[in-house]
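If you read the sequence shown in the working numbering, its first letter stands for residue 1, the second for the next number, and so on.
Even glycine gets a Cβ: it sits at the ideal position worked out from N, Cα and C.
Below is one structure, written out as structure tokens, with a few remarks after it.
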Amino acid sequence: MLVLGIESSCDDTGLALIDTSRVIASKIASQIQLHALFGGVVPELASREHARLIGPLQDALFNDAKISLRDVTHIAVTRGPGLMGSLLVGLNYAKALSFVLQKPLIGVNHLHAHLLVAGMEHKLIFPALGVLVSGGHTHLIRMESPTNMIVMGKTLDDAAGEACDKFGKMLGLPYPGGAYLDSLGQMGTVHPRLFPRPYTKNNTLDFSFSGLKTAGLEWVKKNPEALLPSISLQESYTREVLQKASQISKDGAASYLYAVADTLTIKAKRALESFDPQCIVVAGGVAANSFVRGKFTELANNANIPLYIPSIELCTDNAIMIAHTGLLLAKEGFYHDLNLTAVARGKIIPNDYQQI
Ligand code: KG4
Ligand code: ZN
């Protein structure tokens, strides 16, 4: 099997080729610099950029791989959740390839792909507890098998990544601020009681991060010296630049991220108690966060369960995870026809596979 994976759910255009044992080639084009000018992803611009970039990326991918498009056996594409206009670019591109090459099309759930990619680096034993933490989603998922994933809890408002990005913005960091906030926080000291653990005093496995964002805003208002000095458009917030930030800024970042990580693990611990998972998988962009990694390592050690977090490049959006999930589905004989629909963020993805 040689699977072409296509990812275009948000602001990264990705293409990857994998066979049953390895990644043959992968390309990713990020639109971050464009959207940073507007302080967040502009959906219309994102879809135009996907349409502009996807063809040249395909050329570059096959150039690197030194194989022909005709050798591809399956086409896997993100069908959702995501921005509708962005998804449609990748989906229609995939449909055209599937039709021309007469190769099966497989629509992939982006959230499942984030979690399942951990299986490329470690052997996943099911059932597993999946913790999906990204810019748009915060889900606890009971992973029964690659094709049977049950949502146990999710955020009722903002995702963990959104909470990090917004606090970063309040401090003066560019969009998306999560990774900069992480670097800043690593230079600070955690004051555990500085920020609340929102929506934890209940029995549900759902999350709500909007209260934490408000607490962050109040704290910044009371501590204006935490604001970062602005830099010119040509500069970026490198470690050296962040090093010069005030101690209160560094401590605020550390304490805020600790609150995010602690909130995630409080609910994950509860989820662990409700079934008998063989491992924990933490994935999505926020799984790159050092505080989240630290807190989940502690949780897994205490529970004596293996913890698998994909390497940083596989945590953030990429097409390898789409190709890998497509491969797992193809092995089970699952595919879609050309009626495959895109599913916007917040909508349920139907289990509408056909099977050979
Ligand atoms: O999974 P992802 O690449 O895209 C979505 O599907 O959303 O996640 C992007 C999110 C952004 O909110 C970004 O700020 C956050 O992941 N992120 C981080 C870190 N690296 C990426 N958040 C905190 N710490 C990081 N090191
Ligand atoms: Zn994602």
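Classification of residue i by the beta-carbon crowding that lies within 10 angstroms, buried from 16 upward
{"i": "residue 357", "result": "Since the first residue of the chain shown is 1 and the last is 356, residue 357 is not available in this structure."}
{"i": "residue 207", "result": "buried"}
{"i": "residue 265", "result": "buried"}
{"i": "residue 31", "result": "buried"}
{"i": "residue 145", "result": "exposed"}
{"i": "residue 143", "result": "buried"}
{"i": "residue 161", "result": "buried"}
{"i": "residue 149", "result": "buried"}
{"i": "residue 191", "result": "exposed"}
{"i": "residue 321", "result": "buried"}
{"i": "residue 260", "result": "buried"}
{"i": "residue 289", "result": "buried"}
{"i": "residue 38", "result": "exposed"}
{"i": "residue 275", "result": "exposed"}
{"i": "residue 125", "result": "exposed"}
{"i": "residue 20", "result": "exposed"}
{"i": "residue 1", "result": "exposed"}
{"i": "residue 277", "result": "buried"}
{"i": "residue 182", "result": "buried"}
{"i": "residue 96", "result": "exposed"}
{"i": "residue 59", "result": "exposed"}
{"i": "residue 346", "result": "exposed"}
{"i": "residue 158", "result": "buried"}
{"i": "residue 301", "result": "exposed"}
{"i": "residue 121", "result": "exposed"}
{"i": "residue 252", "result": "buried"}
{"i": "residue 333", "result": "exposed"}
{"i": "residue 109", "result": "buried"}
{"i": "residue 331", "result": "exposed"}
Residues that residue i bridges to, as DSSP identifies them
{"i": "residue 109", "result": "80"}
{"i": "residue 138", "result": "133"}
{"i": "residue 248", "result": "None, per the DSSP bridge assignment."}
{"i": "residue 4", "result": "17, 75"}
{"i": "residue 207", "result": "155"}
{"i": "residue 50", "result": "Its beta-bridge partners do not exist; DSSP assigns none."}
{"i": "residue 336", "result": "105"}
{"i": "residue 30", "result": "12"}
{"i": "residue 355", "result": "334"}
{"i": "residue 23", "result": "18"}
{"i": "residue 118", "result": "Answer is none; residue 118 lacks a bridge partner."}
{"i": "residue 128", "result": "143, 279"}
{"i": "residue 344", "result": "82"}
Near the ligand ZN: residue i beta-carbon under 7 Å from a heavy atom
{"i": "residue 35", "result": "no"}
{"i": "residue 110", "result": "yes"}
{"i": "residue 139", "result": "no"}
{"i": "residue 191", "result": "no"}
{"i": "residue 114", "result": "yes"}
Distance cut-off 7 Å: residue i Cβ against heavy atoms of the ligand COA
{"i": "residue 262", "result": "In the structure on display, the ligand COA does not appear, and the ligands it does have are the ligand KG4 and the ligand ZN."}
Got a list of residues with beta-carbon closer than 5 Å to any non-hydrogen atom of the ligand KG4, in chain order? 134, 135, 136, 161, 164, 165, 176, 178, 179, 182, 284, 285, 286, 288, 289, 316, 317
Just list the alpha helix (DSSP H) runs in the segment 140–190, keeping only unbroken ones of 4 residues or longer that don't cross its boundaries, in chain order. 160–171, 178–186
In chain order, which alpha helix (DSSP H) runs of at least 4 residues are fully inside the segment 294–334? 312–315, 320–331
What are the uninterrupted segments assigned as beta strand (DSSP E) that are 3 or more residues long and contained completely in the segment 227–284, given in chain order? 279–283
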